[in-house]
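Taken in order, the sequence shown gives residues 58 to 154; the numbers are from our numbering.
Ideal Cβ positions, reconstructed from N, Cα and C, are used throughout, including at glycine.
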Amino acid sequence: MTSQTFDAARPYRLNPSVALRPEPFGALAYHFGNRRLSFLKAPELVELVRGLDRHASAGNALAGVPDARRGAFLSALASLAAADMIIPRSSGTGAQG
């Protein structure tokens with residue numbers, strides 16, 4: 058488990074040790090290293106998590122999320138970071154905007 062606090066201004070990516078299994082409600086995320094299981098309860102959240110590495114920051118990735126859902130998605134990302142499902146990446150890799 059990571060000791061870093063989630064910071065939406067930083068770039069993140071899906072942890073390479075995590076597999077996402079599509080489900081009707083969204084997806085199951087399984088971490089092969091720490092054996093944790095997380096539920097991503099919205100297909101839009103799954104897309105967001107899969108595409109984190111294409112954005113300059115987690116906050117930037119949230120730009121397309123409707124305002125009414127942005128807080129919930131931000132909270133979900135923080136939980137996923139705390140569970141080591143998503144990890145920080147260096148800002149120079151993969152960021153497009």
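Annotation: G83 is outside any alpha helix (DSSP H); the continuous beta strand (DSSP E) that includes it extends over 83-88.
Straight through space, the alpha carbons of F63 and N72 are spaced by roughly 14 Å. Between the alpha carbons of A125 and F89 lies a distance of about 33 Å. Around the CB of F96, fewer than 16 other CB atoms lie within 10 Å, so the residue is classed as exposed.
Exclusion of the five residues before and after L134 leaves A115 as the residues of its chain whose Cβ lies within less than 6 Å of its Cβ.
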